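Below: one structure, written as structure tokens.
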Amino acid sequence: MVRMSGKSSLRYKPKFTSSTGNSIMQCTVETILPSQRVIDDGDMRLWRALPLPARTSLGPFVFIDHYRHRSRRGIGDSPHPHAGIEVISYLLEGGVEHRDSLGFKDRQEAGDAQWIRAGRGMLHAEQPSGGRHGLQLWTSLPPEQKLAEPAYASFRAADIPEIAHAGALVRVIAGRVEGVEGPMKTTSPTLFAHVRLGPGAGITLPVGNVAELGLYVLDGSLDLGAGSQLGPGALAVLASGEQITLTATKDQRVDVALLGGAPVQGAVLFGGPFVMDTPERLAQAKRDFASGKMGRLDGVPF
Numbered sequence: 008m009v010r011m012s013g014k015s016s017l018r019y020k021p022k023f024t025s026s027t028g029n030s031i032m033q034c035t036v037e038t039i040l041p042s043q044r045v046i047d048d049g050d051m052r053l054w055r056a057l058p059l060p061a062r063t064s065l066g067p068f069v070f071i072d073h074y075r076h077r078s079r080r081g082i083g084d085s086p087h088p089h090a091g092i093e094v095i096s097y098l099l100e101g102g103v104e105h106r107d108s109l110g111f112k113d114r115q116e117a118g119d120a121q122w123i124r125a126g127r128g129m130l131h132a133e134q135p136s137g138g139r140h141g142l143q144l145w146t147s148l149p150p151e152q153k154l155a156e157p158a159y160a161s162f163r164a165a166d167i168p169e170i171a172h173a174g175a176l177v178r179v180i181a182g183r184v185e186g187v188e189g190p191m192k193t194t195s196p197t198l199f200a201h202v203r204l205g206p207g208a209g210i211t212l213p214v215g216n217v218a219e220l221g222l223y224v225l226d227g228s229l230d231l232g233a234g235s236q237l238g239p240g241a242l243a244v245l246a247s248g249e250q251i252t253l254t255a256t257k258d259q260r261v262d263v264a265l266l267g268g269a270p271v272q273g274a275v276l277f278g279g280p281f282v283m284d285t286p287e288r289l290a291q292a293k294r295d296f297a298s299g300k301m302g303r304l305d306g307v308p309f
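Here the sequence shown stands for residues 8 to 309, numbered as in my numbering.
The following block contains the structure:
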């Protein structure tokens, strides 16, 4: 099992620098949405960037949680179910032990990513080994895949390809950026990349014609020009374009999640950890969990 040693073994240089031609359409910021601070108790901070009253989805993403905590306490550390979604986890700092009702046991460390297709339903638990900082994302499965068989995959930091350029580093987890494809294969077309820029650094990246695209600032601030900045906890929805230019402010490093893909198919109905497209399916998911049809983990559901 390969672990992060500070560098990916899959590193690429961009084909061009940040200068662009006039014929290429640039992605621009269309809307800026501040995330909601759900928890802030001195030990844990949790920001929720989706769903929001002003917007409920971005591409296939219907849930974006950004968390940072100091102790072994964590969201999701006790067994709990999911159904109707794919769960994508990405760890920036710390470590966590994963267990699930499918029989998988795994450990995530900084730079690792994890994918779960919950489908018709499964249970998992994530126990932190100490403080951690990361993202948990949900994508809504298309109606015809809502009841798919559950599946699990994990991706080590060294196996996630990187694009390196003069103070900028882009880790492509899912989808394609600059011709580099991430290892995570999702049901719906999905883009997920982690961009890290040193103080004052910038990079321009082709993203193709992604139907819906946005970025979430994890740390630091992006320079939007004309004295404007995009700070931590902000979700920026971008107008469609073929490439995106990101520039850090001069005083600090910035970490950004680039997110997008094909729009959600069907209705999106939340029932706690379940996301279905009809009230009947949502009610059935709750019954399936209560009866043990989604499996059991540490005596849960009974």
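A virtual CB, placed ideally from N, CA and C, is assigned to each residue, including glycine. Since this is a predicted model, take the numbers as computed values, not measurements.
When we look at the beta-carbon of residue i and count the other beta-carbons within 10 Å, is it buried (16 or more) or exposed?
i: Lys257; result: exposed
i: Pro86; result: buried
i: Met301; result: buried
i: Gln115; result: buried
i: Gln259; result: exposed
i: Arg389; result: The structure shown has nothing for residue 389, since the chain only spans 8 to 309.
i: Phe296; result: buried
i: Ala61; result: exposed
i: Thr292; result: Checking the sequence shown, residue 292 turns out to be Ala, not Thr. Buried, because 16 or more other Cβ atoms sit within 10 Å of the Cβ of Ala292.
i: Glu93; result: buried
i: Ala255; result: buried
i: Asp305; result: exposed
i: Ala233; result: exposed
i: Arg303; result: exposed
i: Glu169; result: buried
i: Gly279; result: exposed
i: Met32; result: exposed
i: Pro41; result: exposed
Based on DSSP bridge pairs, tell me the residues matched to residue i.
i: Ala162; result: A small correction: the amino acid at residue 162 is Phe; Ala does not occupy that position in the sequence shown. In DSSP, Phe162 forms a bridge with Ala120.
i: Ser147; result: Ile92
i: Arg62; result: Leu59
i: Gln115; result: Val103
i: Arg139; result: His76
i: Gln152; result: Partner(s): none; Gln152 has no beta bridge.
i: Val45; result: Beta-bridge pairing links Val45 to no other residue.
i: Glu188; result: Arg183
Can you give me the start and stop residues for the alpha helix (DSSP H) that residue i sits inside?
i: Gln291; result: 286-298
Span of the beta strand (DSSP E) holding residue i?
i: Leu102; result: At residue 102 the sequence reads Gly, which differs from the Leu that was named. Gly102 -> beta strand (DSSP E) spans 102-107.
i: Leu57; result: 51-57
i: Glu169; result: 169-172
i: Glu175; result: Position check: residue 175 holds Ala in this sequence, whereas Glu was assumed. Run containing Ala175: 175-181, per the beta strand (DSSP E) assignment.
i: Ala132; result: 129-135
i: Pro41; result: 36-41
i: Val307; result: Val307 -> no beta strand (DSSP E), and no H or E assigned at all.
In chain order, what are the residue ranges of uninterrupted beta strand (DSSP E) at least 3 long that sit wholly in the stretch 198-284? 209-213, 219-226, 229-232, 235-237, 241-245, 250-254, 261-268, 276-278, 281-283
Taking one C-beta from the stretch 177-190 and one from the stretch 220-232 each time, how about it: are there three or more such pairs within less than 8 Å? no
Touching or not, the stretch 239-252 and the stretch 117-137, by the rule of three or more beta carbon pairs under 8 Å? No, the stretch 239-252 does not touch the stretch 117-137.
With three or more beta-carbon pairs closer than 8 Å as the criterion, would you say the stretch 284-293 touches the stretch 212-225? Too few Cβ pairs lie closer than 8 Å, so no.
Inspect the CB distances between the stretch 38-55 and the stretch 198-209 and report whether three or more fall short of 8 Å. no
Taking three-plus beta-carbon pairs below 8 Å as touching, is the stretch 138-146 in contact with the stretch 100-107? Contact between the stretch 138-146 and the stretch 100-107 is present, because at least three Cβ pairs lie under 8 Å.
If you pair each beta-carbon of the stretch 128-135 with each one of the stretch 51-68, do three or more pairs fall below 8 Å? no
contact_flag[the stretch 261-269, the stretch 205-221] where n(CB pairs < 8 Å) is 3 or more: yes
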